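J.: Handing you this structure, nothing more for now.
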């Protein structure tokens, strides 16, 4: 049986972003992208699903750092240790972590990416912000508009502010309200930036072992 190339993500937005980035930037051809309905389910199922893989399978995992990348990495590291991986790095690789299985274990080769860039706190939308021109006056106006919301009208928590920024940015394009993946293809979110290059390079390295 040929080996399977599978990407595990938290939810539907992650899936669509990766699909469209791979389509526009010569990313790897994946057999499946599996959503886990959030980080808690993904972390809980990680050891079980890794042990259920067939010999030769390759898995990539993308999760959000949220408010503490150190805590997120430690939680993932603990689950990998439980699955049977060894020599786990103390910190994630800034270019994306890749681990080969121990010789005495039937585990898959695995890659790990912590959004937005393996180095800072944040979520998928912080990665998508890299795909907006840094000198954009429109995006500067987006930020100022959100910061200017009166306290009594603030409807979202601070951790969700990156989502508000990206959705507002997309609402102010020629075709308002595109979903993330379609916005990448339309270049309302520009895929030709180094942060996107680094993510796709990691995916290609995960799924194409030397």
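Residue numbers (UniProt numbering): 1 to 210. Where a beta carbon is used, it is the ideal one built from N, C-alpha and C, also for glycine. Remember, predicted model here, so these are calculated numbers, not experimental data.
#1: In chain order, what are the residue ranges of uninterrupted beta strand (DSSP E) at least 3 long that sit wholly in the stretch 27 to 53?
#2: Across the stretch 116 to 130 and the stretch 144 to 155, are there enough close Cβ pairs to call them in contact, namely three or more that are closer than 8 Å?
#3: Put residue 5 into one of helix, strand or coil per three-state DSSP.
#4: For residue 109, count the other beta carbons within 10 Å of its own beta carbon; 16 or more makes it buried, fewer makes it exposed. Which is it?
#5: Among 97, 117, 56 and 84, whose alpha-carbon lies nearest the alpha-carbon of residue 66?
#6: Span of the alpha helix (DSSP H) holding residue 120?
#7: Have a look at 95, 201, 163 and 114 and flag the residue whose alpha-carbon is nearest the alpha-carbon of residue 180.
#8: Select from 64, 74 and 84 the residue whose C-alpha is nearest the C-alpha of residue 53.
#9: Using DSSP with H/G/I as helix, E/B as strand and the rest coil, what is residue 65?
#10: Going by alpha carbons, who is nearest to residue 207 out of 47, 13, 104 and 97?
#11: Buried or exposed: which applies to residue 48, given that a residue is buried once 16 or more other Cβ atoms fall within 10 Å of its Cβ?
#12: Could you tell me whether the stretch 88 to 106 touches the stretch 133 to 144, where touching means 3 or more Cβ pairs closer than 8 Å?
T.: The short version:
#1: List check, beta strand (DSSP E) in window: 32 to 35.
#2: They do not touch, by the three-pair rule.
#3: Looking at residue 5 - three-state DSSP - the assignment turns out to be strand.
#4: The residue is buried, with at least 16 neighbouring Cβ atoms inside 10 Å.
#5: Measuring from the Cα of residue 66, the nearest candidate turns out to be 117.
#6: Counting along the chain, residue 120 sits inside no alpha helix (DSSP H), nor does DSSP assign it H or E at all.
#7: The shortest CA-to-CA distance from residue 180 to any of 95, 201, 163 and 114 is the one to 163.
#8: Of the candidates 64, 74 and 84, the one whose C-alpha sits nearest the C-alpha of residue 53 is 84.
#9: DSSP places residue 65 in coil when its eight states are reduced to three.
#10: From the listed residues 47, 13, 104 and 97, the smallest Cα separation to residue 207 is found for 97.
#11: Under this definition residue 48 is an exposed residue.
#12: No contact exists between the stretch 88 to 106 and the stretch 133 to 144.
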